[in-house]
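Enquirer: Residues 180 to 349, numbered by the numbering used here, are exactly what the sequence shown covers, in order.
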Amino acid sequence: MTTKIPQLREIVVKTNEDVGEFPKMLLKNGIGNAPLAINLKKLDNNQLKKFLEHLEEFLKKLDVHPSWPYPVYIITNIIKGHPSFEVITDIKEAAIHYQIDYDQRPSSKDVQLLQKIYLMNRKIKNLFPRDKDMEIKKIFKHNKKLHDLTKELDFYNTIIRKLNLSGHNP
180 MTTKIPQLRE
190 IVVKTNEDVG
200 EFPKMLLKNG
210 IGNAPLAINL
220 KKLDNNQLKK
230 FLEHLEEFLK
240 KLDVHPSWPY
250 PVYIITNIIK
260 GHPSFEVITD
270 IKEAAIHYQI
280 DYDQRPSSKD
290 VQLLQKIYLM
300 NRKIKNLFPR
310 DKDMEIKKIF
320 KHNKKLHDLT
330 KELDFYNTII
340 RKLNLSGHNP
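In C-alpha cells form, the structure reads like this:
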C-alpha cells in the first residue's frame, strides 16, 4: 500500500517524433496512479487530433480511464474541449489540490487518508469505470445538484440568522 501523495506531472510533447516514445513516457509517469498533464501546444491541428486518437486507444489497452481515479489533462490552445479528456490552456487551470508542492513528510493522519485513497482507487479500477462511465456521470450530476441546493439552503439560513441577530424578526 502506498502513501505517496499524488502530484500533478506534466509531459511536454515537442514534435511528432515524440509520439512514438509516448507510451513509455506515460508508463514512466504513472498514468492512472497520479494526475497527468500532457502539453501538446507544439503540435498542429492534424497532429493533435491523431495524437488524441492514439492516446485514447492506448488508455483503453491499459484499461485506464481518462478521468478516474486521476485525470489526464490535455494542454492546448487549438481545441476547446474533447469528449474523453479535460482540455485546458495552461497547467494552472488544473485542479488546485493537485498543484500543491509537498516538501514535508505527511502526518500520520495524512498517511491514513492516503491509504484510504489508495484503496478507493483500487476499487474504482476494479469496477471497470469505462463500462460505468454514464452511470458515474449521472451520479455526479445528482451530487452536484444536491451540493447546489444545500449551498443555497445554507445561504438562506445565514441570512435568517443574521436577521434574527439584528432584531428584524418577521
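Yeah, the Cβ is synthetic: ideal placement off N, Cα and C, and Gly gets one too.
None of these values were measured; they are calculated from a predicted model.
Which one of 266, 189 and 271 has the shortest CA to CA distance from residue 213?
Expert: Nearest C-alpha to residue 213: 189.
Enquirer: Taking its Cβ as the centre, do 16 or more other Cβ atoms sit within 10 Å of residue 249, making it buried, or is it exposed?
Expert: Buried: at least 16 other Cβ atoms inside 10 Å.
Enquirer: In angstroms with no decimal places, state the Cα-to-Cα distance between residue 217 and residue 337.
Expert: Going by the C-alpha atoms only, they are around 43 Å apart.
Enquirer: Could you give the distance in angstroms between the alpha-carbon of residue 206 and the alpha-carbon of residue 318?
Expert: Computed Cα separation, rounded: 30 Å.
Enquirer: Our contact map puts residue 245 next to residue 230 with C-beta atoms below 8 Å; I'd like the distance itself, whole angstroms only.
Expert: Contact doesn't hold; Cβ gap of about 14 Å is too wide.
Enquirer: Between the Cα of residue 274 and those of 251, 302 and 193, spot the shortest distance and give me the residue it belongs to.
Expert: The option with the nearest alpha carbon to residue 274 is 251.
Enquirer: Can you give the Cα-Cα distance for residue 256 and residue 240, rounded to whole angstroms?
Expert: For residue 256 and residue 240, the distance between alpha carbons rounds to 28 Å.
Enquirer: Measure from the alpha carbon of residue 223 to the alpha carbon of each residue in 258, 242 and 215, then state which is nearest.
Expert: Nearest of 258, 242 and 215 to residue 223, Cα basis: 258.
Enquirer: Classify residue 290 as helix, strand or coil using the three-state DSSP reduction.
Expert: Residue 290: helix per DSSP, three-state reduction.
Enquirer: Run through DSSP, which three-state label would residue 252 get?
Expert: Three-state result, residue 252: strand.
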